[in-house]
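With mature numbering (1 follows the signal peptide of the UniProt record, and there is no 0) applied, the sequence shown corresponds to residues -20 to -1, 1 to 223, in that order.
All C-beta atoms, glycine included, are put in the ideal place defined by N, C-alpha and C.
Note that the structure is a prediction, hence the values are computed from the model and not measured.
I have placed the structure first, in the form of structure tokens, so that the comments after it can refer back to it.
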Amino acid sequence: MEHLHLLLLSLSLLITSTTTTSSSSTDFASCLKSNNINNFTLSSDTTTTSSFNHFLNYSIQNLRFNPDSSPLKPVALVLPDTLRRLRATVLCSRRASLTIRLRSGGHSYEGLSYVSSGPDPFVVVDMMNLNRVRVSPETRTAWVEAGATLGETYFAIHDSAGRDSVTGFVINRAGSTRLVTQLVHKWQRVAHRLPDEFYLSAFVGAGLPEYRGEPPGLSVTFKGFYQGGIREAVEVLAGRFPS
Ligand SMILES: Cc1cc2nc3c(=O)[nH]c(=O)nc-3n(C[C@H](O)[C@H](O)[C@H](O)COP(=O)(O)OP(=O)(O)OC[C@H]3O[C@@H](n4cnc5c(N)ncnc54)[C@H](O)[C@@H]3O)c2cc1C
Ligand SMILES: *[C@@H]1O[C@H](CO)[C@@H](O)[C@H](O)[C@H]1NC(C)=O
Ligand SMILES: *[C@@H]1O[C@H](CO)[C@@H](O)[C@H](O)[C@H]1NC(C)=O
């Protein structure tokens, strides 16, 4: 008897939670539509499954949270493209009692921008369409919306400041502990003294794909960015950090 009781109780809880989720997603959708927001998909709408998966997956950087394997999918994915639509999305989410996961680049290691920490139904609001960059060369400032990528930002700066070119590069060096130590030691003394237009980072790791030998050894990866042409970039490096 007690078992039956528990079973009935859990069944009714299950039914309540399922109906809450679907009715809240219907309410949510009509709220969005009445605010003229059309760029959204519901996980329950099978006619838009591929688009839902595509945009949900778009910036999931941690493969552990691949939507195929993650059981906790958002009820909806919204991509507002104006601040007015963003505000309305937040209000509609609150009205439908949906928790919000806001996503800019999706780089959160823990997946905080697109997975939920509990069973509460949630919506992912992705900022990728809020990607405007306004540059003011006079005041040397830029307003960058949260969804803009670095590439879009540099492009806008180039457009308004007329900077001719930028140079980016990645250089791997793999080998003995001694070699890697020497390179990092040198880098520590050189990198912060490079011209302001230069950015040079170093990343040391063991057993990375950069090291192709057996057993797995050390490697150091230098990532460089220079606000100028490739010839000057090489010249600066050849003078200060040829190795
Ligand atoms: C491979 C890798 C390398 C990294 N390297 C570095 C590094 O060199 N230096 C460094 O500092 N960090 C590094 N990080 C960490 C990264 O900078 C942070 O995870 C950062 O939060 C990523 O920004 P995002 O916009 O992609 O975050 P998201 O994953 O989109 O969001 C992170 C958190 O912020 C919230 N959020 C997102 N957008 C907004 C918004 N507009 N307003 C309010 N809240 C918001 C989200 O809900 C979430 O909780 C690295 C991460 C990865 C995966
Ligand atoms: C929604 O935004 C994405 C990303 O910019 C875009 O590719 C897609 O076409 C948009 N969908 C609609 C229905 O506007
Ligand atoms: C999501 O992306 C990963 C890696 O880019 C891929 O392996 C996976 O199949 C994708 N899943 C969906 C549902 O698109």
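- request: Flag this pair as yes or no: are the beta carbons of residue 182 and residue 160 separated by less than 7 Å?
  value: The Cβ atoms of residue 182 and residue 160 lie no closer than 7 Å to each other.
field: Whole-angstrom distance between residue 97 and residue 54, CA atom to CA atom
entry: About 11 Å.
field: Backbone secondary structure at residue 137 - three-state DSSP
entry: Note: residue 137 maps to helix in three-state DSSP.
- prompt: Which value, in whole angstroms, describes the spacing of the CA atoms of residue 143 and residue 111?
  reply: Using only the alpha carbons, I get a separation of about 21 Å.
field: Sequence-distant residues of its chain with Cβ nearer than 7 Å to residue 33 (five each side left out)
entry: The beta carbon of residue 33 lies closer than 7 Å to those of 47 in the same chain, with the five residues before and after it left out.
task: Determine the contact status of residue 124 and residue 133, defining contact as a CB-CB distance below 7 Å.
output: By the CB criterion at 7 Å, residue 124 and residue 133 fall inside the cutoff.
task: Express the C-alpha separation of residue 4 and residue 24 in angstroms, rounding to a whole number.
output: Going from the Cα of residue 24 to the Cα of residue 4 covers about 11 Å.
- request: Helix, strand or coil for residue -10, going by three-state DSSP, please let me know.
  value: Unreliable placement is indicated for residue -10, whose pLDDT of 43 sits below 50; no coordinate value is reported for it.
message: Does the beta-carbon of residue 162, which I'm using as the reference point, lie nearer than 6 Å to any heavy atom of ligand 1?
response: When distances are taken from the beta-carbon of residue 162 to the heavy atoms of ligand 1, even the shortest one reaches 6 Å or more.
- prompt: What span of residues does the alpha helix (DSSP H) with residue 53 cover, start to end?
  reply: For residue 53, no alpha helix (DSSP H) run applies, since DSSP gives it neither H nor E.
message: Using a Cβ-based criterion (distance less than 6 Å to any ligand heavy atom), does residue 63 qualify as near ligand 2?
response: No, the Cβ of residue 63 stays beyond 6 Å of every heavy atom of ligand 2.
- prompt: Between the C-alpha atoms of residue 10 and residue 38, what's the straight-line distance to the nearest angstrom?
  reply: Computed Cα separation, rounded: 25 Å.
task: Can you give me the Cβ contacts of residue 178 inside the same chain, cut-off strictly under 6 Å, excluding the 5 residues immediately before and after it?
output: Spatial neighbours of residue 178 in its own chain (CB-CB distance under 6 Å, excluding positions within 5 residues in sequence) are listed in chain order as 206.
query: How many angstroms separate the CA atom of residue 60 from the CA atom of residue 95?
result: Here the C-alpha atom of residue 60 lies approximately 19 Å from the C-alpha atom of residue 95.
message: In this structure, how does DSSP classify residue 216 when only helix, strand and coil are distinguished?
response: Residue state, collapsed to three classes: helix.
- prompt: Nearest to residue 76 by CA position, among 214, 29, 100, is which residue?
  reply: Checked all of 214, 29, 100; the closest Cα to residue 76 is 100.
- request: In angstroms with no decimal places, state the Cα-to-Cα distance between residue -7 and residue 89.
  value: The predicted model places residue -7 with a pLDDT of 43, which falls under 50 and marks its position as unreliable; any figure quoted below should be read in that light. Between residue -7 and residue 89, the C-alpha separation is close to 32 Å.
message: Within the continuous alpha helix (DSSP H) that includes residue 152, where are the two ends?
response: Counted as a single uninterrupted DSSP element, the stretch harbouring residue 152 is not any alpha helix (DSSP H) but the beta strand (DSSP E) occupying residues 147 to 155.
message: For a quick check, are the C-beta atoms of residue 21 and residue 27 less than 7 Å apart?
response: No.
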